Amino acid sequence: MRNATLSLLALGLAAAAPAAAQAAGVTVSYNVDVGPLTVTVVKFSVDVTGGEARARARIKAAGMSRVFSEFGATAEAETRLGDAEPEPVSYRITRDQSDMRKVTTLTWDGGTVTYDPPIKNSERKAKLDQALAGGVIDPVTAILRMGTLGDSPCPSTHEVFDGREVFELALTDKGVGKADGDSAWQGKVQRCSVRWTPIAGRSYDKGVPGDSYEVSFAPVAELENGHKLWLPVDMSGSLKGLGFKGYMTKVSNKAEAAAE
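Read left to right, the sequence shown gives residues 11 to 270 (this note's numbering).
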């Protein structure tokens, strides 16, 4: 579960990247490395039309990691934008594990979320539904809230539901710096410490401890509604005792694509 959460967080993560420009949408790609090997690749795109954002993310196992897991996932989301914070409308994730495929769909109506398929464990379902009553958002809406409100993604706190787990993402301000290492973004960044804490679901029931990651955000685009879009450009931490790093490999926006 934490491997999938890490990949979604890299989304709610070459040559020098282009400066932020007004765009109807943006596409970014990431690698997640453990040691010298790239184990996961992520591609995330978001399109904005009027007061609505549609996003798609693709997560795939890469390189030698495919020997141990054929994990892959595709997430699609619709989020309502406006003067206030982004609000979730729908979220659908398809998970592929070896020869098994599982599809989870979430929909929001007036702030209330419904999900399919239902949780089979009645005790776990009761705890999950109690956590959902407080108001939650999907991983993509979390990324958009981090990325479009205020002058920086942190500090902020978000309660997120991915169809299986409710967890908290708490971001702490770690100051301004400059991107380094393997990231395609070479400009200034906002450094944040991100704490992942399970609230309800399988990880919470099993007593899985929270994890902390260091994430650098950058304003990679300015959307048509005037909001800057901050996205992760690099991240690092430890997962199950193994150090990892995630970094942006490419970023492009629709304005540039139309000009080419």
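The beta carbon of each residue, even a glycine, is placed where N, CA and C say it ideally should be.
Computed from a prediction, not measured in an experiment: that's the story for all the values here.
Within 10 Å of its beta-carbon, does residue i have 16 or more other beta-carbons around it, so buried, or fewer, so exposed?
i, result
"GLN140", "exposed"
"GLN107", "exposed"
"VAL225", "buried"
"PRO98", "buried"
"ALA267", "Only weak support exists for where ALA267 lies, its pLDDT of 43 falling under 50; the coordinates are left without a value."
"VAL261", "buried"
"PRO128", "exposed"
"PRO149", "buried"
"MET110", "exposed"
"GLU133", "exposed"
"ALA231", "buried"
"GLY61", "exposed"
"PHE78", "With a pLDDT of only 40 at PHE78, under the threshold of 50, the placement of this residue in the model should not be trusted; the figure read from the coordinates follows. Counting Cβ neighbours within 10 Å, PHE78 comes out exposed, since fewer than 16 surround it."
"GLY236", "exposed"
"LEU154", "buried"
"ASP172", "buried"
"VAL186", "exposed"
"LEU47", "exposed"
"SER213", "buried"
"ALA94", "exposed"
"ARG41", "The sequence given here places Asn at residue 41; Arg does not occur at that position. Under this definition ASN41 is a buried residue."
Per DSSP, what are the beta-bridge partners of residue i in this structure?
i, result
"GLU178", "GLU169 and THR207"
"ASP106", "GLY82 and ARG111"
"ARG64", "ASP57 and GLU88"
"PRO242", "PHE227"
"ASN263", "VAL36"
"GLY256", "VAL42 and MET245"
"ARG201", "SER226"
On a CA-only basis, which of the options is nearest residue i? Give me that one, please.
i, options, result
"PHE254", "ASP244, SER262 and VAL261", "ASP244"
"GLU178", "GLY197, LEU142 and LEU159", "LEU142"
"GLU9", "THR167, ARG201 and LYS135", "Residue 9 cannot be examined here, being either before or after the span of the chain that is shown, 11 to 270."
"SER248", "GLY220, TRP240 and LEU233", "GLY220"
"TYR257", "ALA34, VAL49 and GLY35", "VAL49"
"ARG90", "ASP183, THR158 and LEU181", "THR158"
"ALA65", "ALA71, ALA94 and SER100", "SER100"
"ALA67", "ALA83, VAL58 and THR59", "ALA83"
> Quick one: complete beta strand (DSSP E) runs, 3+ long, within the region 27 to 61?
Replying inline: The beta strand (DSSP E) runs of length 3 or more contained entirely in the region 27 to 61 are, from start to end of the chain, 35 to 44 and 47 to 59.
> Hey, is the region 144 to 158 in contact with the region 183 to 190, meaning 3+ C-beta pairs nearer than 8 angstroms?
Replying inline: Taking 8 angstroms as the limit for Cβ pairs, the verdict is that the region 183 to 190 does not touch the region 144 to 158.
> Is it a yes or a no for the region 153 to 169 touching the region 226 to 233, going by three-plus beta-carbon pairs under 8 angstroms?
Replying inline: Verdict: yes, contact present.
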